[in-house]
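Engineer: Residue numbers (full-length UniProt numbering): 1 to 523. We put the CB at the ideal spot given by N, CA and C, even for glycine. Handing you a structure now.
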C-alpha cells in the first residue's frame with residue numbers, strides 16, 4: 001500500500017519551527033505553509049528512492065509495527081477531546097492563558113469546529129454500519145432557553161466477554177438485578193422541525209427521519225421506552241407494531257404524588273415556614289443560629305419534598321434557639337409547626353427516606369425490568385395505597401403483557417398466551433433440529449419409554465435483560481447538555497449543539513485514528 005504524502009514527509013523531515021522543515025538525509029531546509037508540495041519536490045529531485053527511505057525510517061522508528069500518528073494529528077485530537085468532553089466553548093483554544101500553559105500546537109476555533117463536524121460524520125457513518133438490528137429506542141423531551149429538544153437513543157445488548165446479568169456474589173440476593181451489557185448510543189438531539197407544533201405527529205416525523213438517517217426501518221425497532229404521556233402513546237399507535245414501555249421512574253413519581261396528596265396540609269405548612277426563612281430578613285435571622293439554608297419543594301420532582309422535610313427536621317432544633325423577641329419581631333410564631341404537626345413530620349420523613357432509596361435505585365443505569373418489578377412489589381406490600389400505580393396490571397401500563405412477559409423471560413418462567421404474543425419479537429431464531437440416524441427409528445419399547453422427551457421444551461428467547469425499565473438515561477444526558485448550553489453560549493446553533501453532544505456521549509466511537517482519517521481526506 002502506498003504511503004500518504006503526510007506520512008512520507010513526517011518520516012523524512014524534522015520540524016524546525018513554524019512551517020519550517022529540515023530534511024533528515026541532507027539537512028536542507030524548506031518552508032511549507034500549505035500542503036507538502038515543496039517537500040515532495042525536494043525528495044523527487046534529490047532522493048528518488050524516497051518511498052523506500054520512508055518505509056525504512058518507519059520500520060526503524062517502529063520496530064513493533066505499531067500504527068504511528070504524527071504529532072499534529074495527536075494535537076488536534078487532544079484539542080477536540082478537551083473541548084468536547086469538558087464541555088468548553090470553541091474559543092477556549094484561543095485563550096492566551098490556555099495557549100501559554102499547554103504544549104499542544106496552536107489551533108483556532110474555526111478549525112476546531114471543522115474537525116468536530118468531520119469527526120461527527122465519521123461517527124454517524126460508523127453507527128450506520130455497526131448499529132445492530134433489531135434494537136430499542138429511548139426518547140424524552142427537554143425544554144431549555146425557550147426551545148424544546150428531543151433526545152433519541154438506541155439501546156441494545158452490547159455483549160462483552162465476562163459481562164452479563166447479575167453482579168452480586170451473595171447467595172441472598174437475586175442474580176437478575178443488574179445488566180452490565182446494556183449499551184446506549186445517541187442518535188439525535190435536536191428541536192422539532194416545526195417548533196410551533198409539539199404534537200405526536202411532529203415527534204413521530206422526527207423519529208422516522210432519524211431512523212432513515214441511519215438506514216434503519218421501523219421493523220428494526222422492537223420496543224420504545226419513554227414517559228407515560230399521550231404523545232408517546234400516540235406514536236406507538238401510529239407505528240402499530242412498536243410496543244411501548246412506560247418509564248418506571250415516571251410511574252413511581254406519579255405514585256408518590258398520589259401518596260403525598262393526603263399530607264398536603266402538613267407539607268403546605270412546612271413550605272410556608274421555609275418560604276418565610278427564604279427572604280432576606282428570614283435568612284439573616286436563621287444565620288444567627290445555623291449556617292443551614294431553607295429548602296423549598298417544587299411541583300416536578302417529589303424528591304424535593306423529601307429534601308424540604310429533611311431540612312425542616314434539621315432546622316427545628318435551631319428554631320428553638322431563637323429568642324422570644326426575635327420571634328415576635330418577625331412574626332415567626334404563626335408559621336411554626338405545633339408539636340403534633342412536628343411529630344407527623346418526623347413520621348413522614350421516615351417514609352420518605354425509604355421512598356428516596358427506591359428512587360435512587362431506579363436511577364441505576366444497569367437496573368433490569370425484573371429488578372424493578374421486585375422493587376415495586378415490595379413497595380406495594382409496604383404501602384398498599386400505591387397499588388393502583390405500581391402493580392403489574394396498573395391501568396397506566398400500556399402493554400402489561402409485554403412487561404410481565406419480559407420479566408418472566410428474564411427469570412426463566414413460563415409465559416401465558418398473551419405474553420407469548422407480546423414478546424414474539426424477542427424470540428430467538430429457531431435452529432434446525434438434529435435428526436437421529438435411521439437405526440433410532442426402530443428403537444425398542446424400553447428405550448422409547450425411558451428416552452427424555454424434547455417436545456415439551458419451552459420456546460427460546462434472546463437475552464432481554466438489556467431492556468431498560470426507565471428513560472433516566474435521557475435525564476442524565478439533559479443534565480450534561482445543560483452544562484454545555486450555558487447562558488453565555490445561547491448563540492450556538494442547534495446543529496452544532498447536536499454534533500458536540502453526539503461526540504460527547506458517543507465518546508468510545510472516535511479516537512486519534514478518526515482524526516487521522518479526517519486529516520487524510522483533507523489533503
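Closest by CA to residue 38, which one among 9, 16, 303 and 336?
Structural biologist: Among 9, 16, 303 and 336, the Cα nearest to that of residue 38 is on 9.
Engineer: In the DSSP assignment, find the alpha helix (DSSP H) that holds residue 178 and state where it starts and stops.
Structural biologist: Segment: none, residue 178 is in no alpha helix (DSSP H) and carries neither H nor E.
Engineer: When burial is assigned at 16 or more other CB atoms within 10 Å of the CB, is residue 513 buried or exposed?
Structural biologist: exposed
Engineer: Would DSSP call residue 457 helix, strand or coil?
Structural biologist: With a pLDDT of only 49 at residue 457, under the threshold of 50, the placement of this residue in the model should not be trusted, and no figure is reported.
Engineer: Please classify residue 73: is it buried, with 16 or more other beta-carbons within 10 angstroms of its beta-carbon, or exposed?
Structural biologist: buried
Engineer: Three or more beta-carbon pairs under 8 Å between the region 267-274 and the region 243-254, yes or no?
Structural biologist: no
Engineer: Would DSSP call residue 507 helix, strand or coil?
Structural biologist: helix
Engineer: Thinking C-beta only, is residue 474 closer than 8 Å to residue 138?
Structural biologist: yes
Engineer: To which residues of the same chain is residue 188 closer than 6 Å at the C-beta, ignoring the five residues directly before and after it?
Structural biologist: 152 and 210
Engineer: Three or more C-beta pairs under 8 Å: does that hold for the region 499-517 against the region 479-491?
Structural biologist: yes
Engineer: Between 149, 392 and 277, which has its C-alpha nearest residue 193's C-alpha?
Structural biologist: 149
Engineer: Between residue 349 and residue 310, which are expected to be in contact by the criterion C-beta below 8 Å, what is the C-beta distance as a whole number of angstroms?
Structural biologist: The Cβ separation is near 6 Å, so the contact holds.
Engineer: Should the region 318-337 be regarded as contacting the region 356-373, the criterion being three or more beta carbon pairs within less than 8 Å?
Structural biologist: Judged by pairs of C-beta atoms under 8 Å, the region 318-337 does not touch the region 356-373, as fewer than three such pairs exist.
Engineer: Short of 7 Å in beta carbon distance, which residues of its chain neighbour residue 26, apart from the five on each side in sequence? Order them along the chain.
Structural biologist: The answer, listed in chain order, is 46.
Engineer: Taking the continuous alpha helix (DSSP H) assigned at residue 46, which residues delimit it?
Structural biologist: DSSP places residue 46 inside the alpha helix (DSSP H), whose first and last residues are 37-46.
Engineer: Could you tell me which of 16, 127 and 398 sits nearest to residue 232, measuring between CA atoms?
Structural biologist: Taking residue 232 as reference, the option from 16, 127 and 398 with the minimal CA-CA separation is 398.
Engineer: Rounded to the nearest angstrom, what separates residue 386 and residue 355 at their Cα positions?
Structural biologist: 12 Å
Engineer: If you measure between the beta carbons of residue 176 and residue 411, is that distance less than 8 Å?
Structural biologist: yes
Engineer: Can you give the Cα-Cα distance for residue 41 and residue 2, rounded to whole angstroms?
Structural biologist: 17 Å
Engineer: Nearest-angstrom Cα distance between residue 280 and residue 327?
Structural biologist: 16 Å
Engineer: Please report the distance separating the alpha-carbon of residue 225 from that of residue 120.
Structural biologist: 26 Å
Engineer: My output table needs one value for residue 384: the three-state DSSP class, helix, strand or coil.
Structural biologist: helix
Engineer: Hey, how far is the Cα of residue 242 from the Cα of residue 126?
Structural biologist: 25 Å
Engineer: Using a Cβ-Cβ cut-off of 8 Å (strictly less than) and excluding sequence neighbours within five positions of residue 257, which residues of its own chain qualify?
Structural biologist: 302
Engineer: Quick check: the region 194-213 against the region 107-115, are there 3 or more CB pairs under 8 Å?
Structural biologist: no
Engineer: Classify residue 432 as helix, strand or coil using the three-state DSSP reduction.
Structural biologist: Note that residue 432 scores 45 on pLDDT, short of 50, meaning its location in the model is unreliable and no value can be drawn from it.
Engineer: Go ahead and label residue 65 buried or exposed: buried means 16 or more other beta carbons lie within 10 angstroms of its beta carbon, across all protein chains shown.
Structural biologist: Unreliable positioning characterises residue 65 in this predicted model, as indicated by a pLDDT of 48, which lies under 50. The coordinate reading is nonetheless provided below. Label assigned to residue 65: exposed.
Engineer: On the DSSP bridge assignment, give the partners of residue 190 in chain order.
Structural biologist: 150
Engineer: If I measure Cβ to Cβ from residue 200 and keep anything under 6 Å in the same chain, skipping five residues before and after, which residues do I get?
Structural biologist: 231, 234 and 235
Engineer: On a Cα-Cα basis, can you pick out the residue from 480, 423 and 491 that is closest to residue 461?
Structural biologist: 423
Engineer: Cα separation between residue 352 and residue 364?
Structural biologist: 19 Å
Engineer: For residue 186, is the classification buried or exposed, using 16 other Cβ atoms within 10 angstroms of its Cβ as the cut-off for buried?
Structural biologist: buried
Engineer: Terminal residues of the continuous beta strand (DSSP E) containing residue 20?
Structural biologist: Start and end: 20-23.
Engineer: Could you give the distance in angstroms between the alpha-carbon of residue 12 and the alpha-carbon of residue 31?
Structural biologist: 14 Å
Engineer: Can you give me the C-alpha to C-alpha distance between residue 208 and residue 215, rounded to a whole angstrom?
Structural biologist: 10 Å
Engineer: Under a three-way DSSP split, which group does residue 90 fall into?
Structural biologist: helix
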